[in-house]
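Let me begin by presenting the structure, written as structure tokens, before commenting on it.
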Amino acid sequence: MRYGMVISLSRCIGCNSCSVACKHENGTGPGVFWRRVVITESGKYPQAAMHALPLLCNHCEDPSCAKVCPVKATRVNADGVVTIDAKKCIGCRYCMTACPYNVRSFVTSNTKGYYDEGLTDYEKVAYEDHKVGTVEKCTFCTQRVEEGRDPACVATCPAKALFFGDLDDPGSQVTKLLADNPNAKSLKPEAGTKPKVFYI
Amino acid sequence: MTNSASNEAKRSTAGNLILPVAGLLAVIGIACWVVQLIAGPSVLADTIPWGVYIAAFFLLAGAGSGLVILAAANSFGFLSALKDLRRSLLIGAAASYIAAGFMILMDLGQPVRIFNFFVSPNFTSMFVWDFLFLALTLVLVLVCFFRKGENKVLIGLTAVTALGIVLIEGWILAVNPIAVWSSALIPVVFLVEALIVAVALVLTAKKDAPEGLSKILIGLLPLVLLFSLIEVFTGNYMGASAEAAGMKLLITGSLAPFYWGWIVLGVLLPLVLLLWKGKSASLVKVAAVLAICGVLLAKMNLLIAGQALPFEGAQVTYFPSLIEIGGLLGGLGLAVFLFVIGSNYLQDKSPAAVSKDE
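Read top to bottom, the protein sequences are chains Y and G. Residue 4 in numbering that gives the first Met the number 0 sits at position 5 of the first sequence; the count goes up by one each step and never skips. Residue 124 in numbering that gives the first Met the number 0 sits at position 125 of the second sequence; the count goes up by one each step and never skips.
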């Protein structure tokens, strides 16, 4: 089993619903984005265009973050998901410099919420999962996938631009999409990390 | 009082001040660490993963290795000017390595978990290689110091592991997917910088440093500048690359004052002072201190230029927080403090010293 994601760039409208859904599901603090959408512009009027590029952990098959982690806190699980053991991480941030996609975050504080009045009840509960002094990132919403649900970003996307599934299952939607789109690309293939997030 | 007696008295006063000042800085550094441990990493400038603590770690670990290499060179018949300094070099190396370890502890988000290096080490990680080489070299340095008589094989082996530290730390950056760091020159630059710091430290600490050491510094400083200019030219030549964007930050961008500041104050000015025919001993020390500060600045420039432009992200700026500056001063103070303490209390009590006295 190898979980992966296919992102349709032609469908993505750059609304950042996935970013917000991720924050809601995982309770990340201000300034922390496990996934984000990069908007760029090209050309000049009247041939100008906007491009949206959703970015998240690529859950690479040969991840440089796992290779450099000095204490084996980052690992590739049996289902292909790259995870960080918050109880092992020493917070050296070597993985953050080694990640070609800059999609890892360092937890600096769990006391700063979104509102001046202090932490909300939800933030108080959610922030307990974010250990200060450790590195964290997208988990493909393991907690949802284990219940048979899609990651929050996939379930939320209003344009149905995100697809999640098992890349080893010939019947899965992601496998079919990749078969139908032989020109599917991954980011920075030259880094040699074999990403499992593909763009069509 | 004659002029020479007056100068001697001034030197003595300055010498007496070094230990309390270094100790005070070390205490300030430890206090900053305590604040950081209580308040959490939010007291650090977190716009980039690796900042001034890592730069100071590279500086101190490089200083230790440079000093070991100088001691070994002397043992093998080179640099005879260092004849009576071999054990001082070893004390300086041990002090630098311990202070480097302090900087790494300060940098960790979860320093208590340092034991995970032993519990579940990942041998593909260069951090583990660096940790092992640092620990091994520190032990070998101490063995060399306390061992009765001089053993060329031992000091040679220590120099090899010390060289390993510098190369590994260069590779930690060079093998990263960050465009500005992806250069095989970086381990070489780290080696040259380690030697610059080591020679400059001897020039700073020794009362009447031999002219030969100044000449070594005169030879090394243009070399590190040349390497940097080669990197900048290579990175910029093809224009619109990620490396060129990073290099542009250094040449004309937000890091330009620090890059040109390093060239002028950390390379050219020390060179002018060292080449000046009428230079005094004090000017040589000023040149040496500038060269050391220059290496720290060069490492900061390299670290920041590599991290300021994240993949598909906006440029970030970094300036160390007050706590980080305190930690940096603490690390440097700790190295000097340990060196002075070691020189005062260990130098004359080691078996090697006893053997020599006999």
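C-beta atoms are modelled at their ideal positions from N, C-alpha and C, and glycine is treated no differently. Small disclaimer: the values here were computed from a predicted structure and weren't measured.
Chain G places no beta carbon closer than 7 Å to that of Y:CYS14, leaving this residue out of the contacts.
Note on G:ILE53: 16 or more other CB atoms within 10 angstroms of its CB, so buried under the neighbour-count rule. For Y:ILE199, the secondary structure class from DSSP, reduced to helix, strand or coil, is coil. With a minimum length of 4 residues, the unbroken runs of alpha helix (DSSP H) contained wholly in the region 59-123 of chain Y fall at 63-67, 93-97. By the Cβ test, the region 298-312 of chain G is in contact with the region 178-193 of chain G, since at least three Cβ pairs between them sit closer than 8 Å. With the criterion set as a beta carbon lying under 9 Å from some beta carbon of chain Y, the members of the region 163-196 of chain G are ILE171, LEU172, VAL174, ASN175, PRO176, ILE177, TRP180, in sequence order. Under the Cβ criterion (8 Å, minimum of three pairs), the region 126-140 of chain G counts as touching the region 160-176 of chain G. A direct Cα-to-Cα measurement between G:VAL20 and Y:GLY191 gives close to 50 Å.
A distance of 7 Å or more separates the beta carbons of Y:PRO29 and Y:TYR121. With contacts defined by Cβ atoms closer than 7 Å, G:ARG86 and G:ASN73 do not form a contacting pair.
The beta carbon of G:ALA93 is closer than 8 Å to those of GLY63, LEU137, VAL140, LEU141, PHE144, LEU337, GLY341 in its chain, skipping five residues each way along the sequence. In this chain, Y:SER41 is not harboured by any alpha helix (DSSP H); it is covered by the beta strand (DSSP E) spanning 34-41. Look at the region 4-35 of chain Y: it has no residue with a C-beta under 8 Å from a C-beta of chain G. Taking a contact as a CB-CB distance under 8 Å, the pair G:TRP261 and G:ALA297 counts as one, their CB atoms being some 5 Å apart.
In the DSSP annotation of this structure, the continuous segment of the beta strand (DSSP E) that includes Y:PRO53 starts and ends at 48-55. With fewer than three CB-CB distances shorter than 8 Å, the region 162-171 of chain Y does not count as touching the region 19-34 of chain Y. The beta carbon of G:ASN121 falls within 7 Å of a beta carbon belonging to chain Y, placing the residue at that interface. Contact between the region 23-37 of chain G and the region 267-287 of chain G is absent: fewer than three C-beta pairs spanning the two stretches fall below 8 Å. Cα atoms of Y:CYS17 and Y:VAL153: separation of roughly 7 Å, rounded to the nearest angstrom. Chain order gives the chain Y residues near G:MET125 as VAL67, PRO69, TYR93, where near means a beta carbon separation below 9 Å.
Residues of chain Y whose Cβ lies closer than 8 Å to the Cβ of G:GLN314 do not exist; the shortest such Cβ separation is about 12 Å. Linking G:GLU149 to Y:ASN101 through their CA atoms gives a straight-line distance of about 50 Å. Taking a beta-carbon distance threshold of 7 Å, Y:VAL153 does not count as an interface residue toward chain G. Within chain G, the residues GLY39, SER41 have their CB atoms less than 7 Å from the CB of Y:SER108, given in chain order. With fewer than 16 other beta carbons inside 10 angstroms of its own, Y:PRO181 counts as exposed.
With distances taken between CA atoms, G:PHE75 lies nearest to G:ILE154 out of G:ILE154, G:VAL111, G:VAL159. DSSP places Y:PHE162 inside the beta strand (DSSP E), whose first and last residues are 161-165. Around the beta-carbon of Y:PRO157, fewer than 16 other beta-carbon atoms lie within 10 Å, marking it exposed. G:ALA55 and G:GLY330 have their C-alpha atoms spaced approximately 8 Å apart.
Cβ proximity to chain G below 8 Å picks out LEU52, LEU54 from the region 47-60 of chain Y. Annotation for G:ILE53: the continuous alpha helix (DSSP H) segment containing it runs 51-74. Contact check for Y:LYS195 against Y:GLY3 passes: the beta carbons are separated by less than 7 Å. In chain order, ALA72 place their CB closer than 6 Å to the CB of Y:ASP84, counting only its own chain and leaving out the 5 sequence neighbours on each side. Y:VAL144 and Y:HIS129 do not touch by the CB rule: their CB atoms are close to 20 Å apart, not below 8 Å.
In summary, G:LYS151 is exposed, with fewer than 16 beta-carbon neighbours lying within 10 Å of its beta-carbon over all protein chains present. If you draw a straight line from the Cα of G:GLY163 to the Cα of G:LEU133, it comes to about 9 Å.
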